[in-house]
Structures are given as C-alpha cells and as structure tokens.
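Before any comments, here is the structure.
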Amino acid sequence: MGKIRRTFSIDFKMKAIELYLHRGIGSKLIGKELGVTYSVIDRWIKKYKNEGILGLQEKRGRSKQTNEISQDARIQRLEVENAYLKKLLATKRAAVVCQLKNSIF
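Remember, the numbering used here sits 3 above the position in the sequence shown when you count from 1.
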C-alpha cells in the first residue's frame, strides 16, 4: 500500500518560508513545529527562491482551466444530443400520427 501524499496550501508554505528567511529559524526546527520533514521545507525554500510564489503551486492533477474547458465541451455535446433526440422524437410522433390517420380512414 502506497504512502498518502499530503498537500499544503500556499499560505502554509509561505508561513514556513517566512520563518526561515525572515526569522532565521532552521528548516529542521520549522519542520518539527509544522509536522513536515526538513527536506520538504528546504524544497519549498528552493522553489520560492527560484520561481517565486508560483513555484509553490501544486502541479499535480488536472488544471482547472482544462477541467472547465472539458466541462463546457461536455455541456455543448449534451445540448446537441438533446436537440437531436427532440427532433427524432417529433419525427417518430409524426409517423405514428400518420399511421393512425391512415388506419382510421
């Protein structure tokens, strides 16, 4: 069974980085206080120094933009399918009405 990966908010990461950069507290002590290993703290600090706050964003999983686009595409596809089915139903009803008229007369 695999290890469960925890994710941390950018605010949480920034709190740890601020303690390190502005207060001079070591990454081992910060990690111990926050319940995170010092290597994770060091990784966050390195990413922050190299990429800024954007480096702290979670990169795993689908991006929200892609998810929203696929959601819009799905809605559009369902609307087209719904319109097609409504036309098909109307055609079937018209055919039944014609058959009934022909059988009565």
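Ideal Cβ positions, reconstructed from N, Cα and C, are used throughout, including at glycine.
Helix, strand or coil, according to DSSP, for residue i in the structure here?
i           : result
residue 15  : helix
residue 94  : helix
residue 43  : helix
residue 102 : helix
residue 61  : coil
residue 77  : helix
State buried or exposed for residue i, treating a residue as buried only when at least 16 other CB atoms are found within 10 Å of its CB.
i           : result
residue 56  : exposed
residue 73  : exposed
residue 107 : exposed
Hey, residue i and residue j: beta-carbon distance below 8 Å or not?
i          : j          : result
residue 19 : residue 37 : yes
residue 44 : residue 34 : yes
Starting from residue i, follow the alpha helix (DSSP H) in both directions and report where the run begins and ends.
i          : result
residue 7  : Per DSSP, residue 7 belongs to no alpha helix (DSSP H) and is neither H nor E.
residue 33 : 30-37
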